[in-house]
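Beneath this line is the structure, given in structure tokens, with notes to follow.
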Amino acid sequence: MNATAPAAIEVIGLTKRYAQGKPAVDSIHLRIASGSYCCLLGPSGCGKSTTLRLIAGHESASDGDILLENRNITDLPAAERGTAMMFQSFALFPHLSALDNVAFSLKMKGVGKAERHAKAKDLLERVAMGHLADRKPTELSGGQQQRVALARALITQPRVLLLDEPLSALDPFLRIQMRAELRRWQKELGLTFIHVTHSQEEAMALADTMVVMNHGVIEQVGSPHEVYNRPASEFVARFMGGHNVIETPEGKVGVRTDHLQVLPADQAVPDAPHTKMALITDVEYQGTYVLLGLQNPGTSVTASTTAEISVMLSESTFAARPYAVGETVQLRWAPEAAHPLPH
Ligand code: ADP
Ligand code: MG
Numbered sequence: 001m002n003a004t005a006p007a008a009i010e011v012i013g014l015t016k017r018y019a020q021g022k023p024a025v026d027s028i029h030l031r032i033a034s035g036s037y038c039c040l041l042g043p044s045g046c047g048k049s050t051t052l053r054l055i056a057g058h059e060s061a062s063d064g065d066i067l068l069e070n071r072n073i074t075d076l077p078a079a080e081r082g083t084a085m086m087f088q089s090f091a092l093f094p095h096l097s098a099l100d101n102v103a104f105s106l107k108m109k110g111v112g113k114a115e116r117h118a119k120a121k122d123l124l125e126r127v128a129m130g131h132l133a134d135r136k137p138t139e140l141s142g143g144q145q146q147r148v149a150l151a152r153a154l155i156t157q158p159r160v161l162l163l164d165e166p167l168s169a170l171d172p173f174l175r176i177q178m179r180a181e182l183r184r185w186q187k188e189l190g191l192t193f194i195h196v197t198h199s200q201e202e203a204m205a206l207a208d209t210m211v212v213m214n215h216g217v218i219e220q221v222g223s224p225h226e227v228y229n230r231p232a233s234e235f236v237a238r239f240m241g242g243h244n245v246i247e248t249p250e251g252k253v254g255v256r257t258d259h260l261q262v263l264p265a266d267q268a269v270p271d272a273p274h275t276k277m278a279l280i281t282d283v284e285y286q287g288t289y290v291l292l293g294l295q296n297p298g299t300s301v302t303a304s305t306t307a308e309i310s311v312m313l314s315e316s317t318f319a320a321r322p323y324a325v326g327e328t329v330q331l332r333w334a335p336e337a338a339h340p341l342p343h
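In UniProt numbering, the protein residues as written are 1 to 343.
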């Protein structure tokens with residue numbers, strides 16, 4: 001981001017307390033670049049929706065400030081902020097046509113029928129829905145409904161579009177189609193999108209910038225590549241998946257499941273640096289790769305044992321030397337594959 005260009009959204013020491021105890025959002029700082037796709041990611045209850053509602057003005061801040069393009073909007077009513085919200089499953093009014101759905105907020109503002117219909121028609125044309133303006137939501141496909149919802153959010157000419165789990169109620173196939181379309185519209189419109197999701201996969205697919213939250217604080221901000229390859233904490237490594245958290249004499253490190261090598265016990269170098277002995281408890285064929293589950297040696301394996309470490313081997317590596325449950329092996333990793341995980 002250009003350091004001198006104003007951020008689309010800047011959040012400074014933002015806090016929300018609903019009740020006594022730990023705040024739902026705890027003094028967070030964040031800059032979101034203009035024209036970027038930002039995903040707020042984290043487990044249920046970590047404060048994602050609260051952060052989004054604070055930016056939207058649907059919730060008042062207990063402390064801190066929110067700037068939109070350097071304008072302090074912290075105490076402005078929602079309608080005057082320059083933000084718009086798109087809700088879960090698009091939340092279209094079922095009894096209204098696409099055109100009237102899009103025109104709705106202008107109607108609430110008292111804009112005359114001819115003018116609001118002209119504006120709504122314009123926006124529907126922009127999202128390639130002009131020819132279906134008279135249809136009701138039930139007469140539209142999921143993708144078409146999403147475009148109507150987008151047009152409806154855009155009619156207030158927001159600078160920033162806020163989306164709270166917009167895809168989570170869709171079936172998996174439609175969800176993947178719709179996220180590709182959201183990403184396309186964001187680039188085409190050149191707007192800033194802030195999208196809340198609890199899905200790592202969705203955030204990785206969409207985001208220019210990912211903001212990983214936990215317990216009301218931000219654990220890490222970065223591109224999907226940075227966050228996936230250099231998790232800043234044990235929480236991020238575990239939450240993003242695809243990583244092992246391994247205890248070493250230097251402290252905990254994160255190593256990707258596909259960055260661990262497996263050596264049969266007779267080839268092990270005892271106590272070599274960047275190695276660990278482990279017992280295979282699980283072997284799963286996954287198509288292009290085989291997933292090994294492993295435990296510390298000495299663990300007695302029962303049906304309820306869950307793996308502490310996962311290793312992803314390519315199908316060909318596994319075929320060259322198959323491993324079986326119960327075998328003890330040495331895991332080895334390159335020093336540069338291990339990332340320190342501070343507490
Ligand atoms: P997320 O969207 O990440 O799942 P939320 O922002 O909805 O999380 O909630 C964060 C925390 O604040 C949770 O502990 C939740 O129970 C609490 N919370 C959210 N909304 C309210 C509310 N209106 N009143 C009281 N507590 C709330
Ligand atoms: Mg939420």
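Yeah, the Cβ is synthetic: ideal placement off N, Cα and C, and Gly gets one too.
Tell me where the alpha helix (DSSP H) around residue i begins and ends.
i      : result
Ile176 : 172–189
Pro273 : Premise fails: Pro273 is in no alpha helix (DSSP H) and is neither H nor E.
Just how far apart, CA to CA, sit residue i and residue j?
i      : j      : result
Asn229 : Val221 : 13 Å
Lys121 : Glu165 : 27 Å
Cys38  : Ala268 : 45 Å
Ala232 : Gln177 : 31 Å
Tyr192 : Thr15  : The sequence given here places Thr at residue 192; Tyr does not occur at that position. In a straight line, the C-alpha of Thr192 is about 22 Å away from that of Thr15.
Met1   : Ala33  : Note on Met1: pLDDT 49, under 50, position unreliable in the model; the coordinate value appears next. Distance between the alpha carbons of Met1 and Ala33: 6 Å.
His243 : Leu106 : 49 Å
Ile9   : Val311 : 40 Å
Ala7   : Met240 : 27 Å
Leu291 : Leu313 : 6 Å
Ala334 : Pro273 : 10 Å
Asp134 : Leu92  : 14 Å
Do residue i and residue j have their CB atoms nearer than 8 Å?
i      : j      : result
Asp282 : Val325 : yes
Met213 : Gly64  : no
Leu54  : Leu40  : no
Trp185 : Val127 : yes
Leu331 : Lys276 : yes
Leu341 : Val245 : yes
Val262 : Val329 : yes
Pro224 : Ala203 : yes
Mind reading off the beta-carbon distance from residue i to residue j? Whole number of angstroms is fine, and I expect it under 8 Å.
i      : j      : result
Met85  : Ala153 : 7 Å
Leu279 : Leu260 : Rounded, the Cβ-Cβ distance is 14 Å, inconsistent with contact.
Ala149 : Phe90  : 4 Å
Ala61  : Thr74  : 6 Å
Arg81  : Leu99  : Not confirmed; about 26 Å, so no contact.
To which residues does DSSP link residue i through a beta bridge?
i      : result
Cys38  : Ile194, Thr209
Tyr289 : Ser314
Glu247 : Lys252
In the DSSP assignment, the beta strand (DSSP E) including residue i goes from what residue to what residue?
i     : result
Thr83 : 83–86
Lys63 : For the sequence presented, residue 63 should be read as Asp rather than Lys. Its beta strand (DSSP E) spans residues 63–68.
Can you list the residues near ligand 4, meaning Cβ strictly closer than 5 Å to any non-hydrogen atom, in the order they appear in the chain? Ligands present in the displayed structure are limited to ligand 1 and ligand 2, and ligand 4 is not among them.
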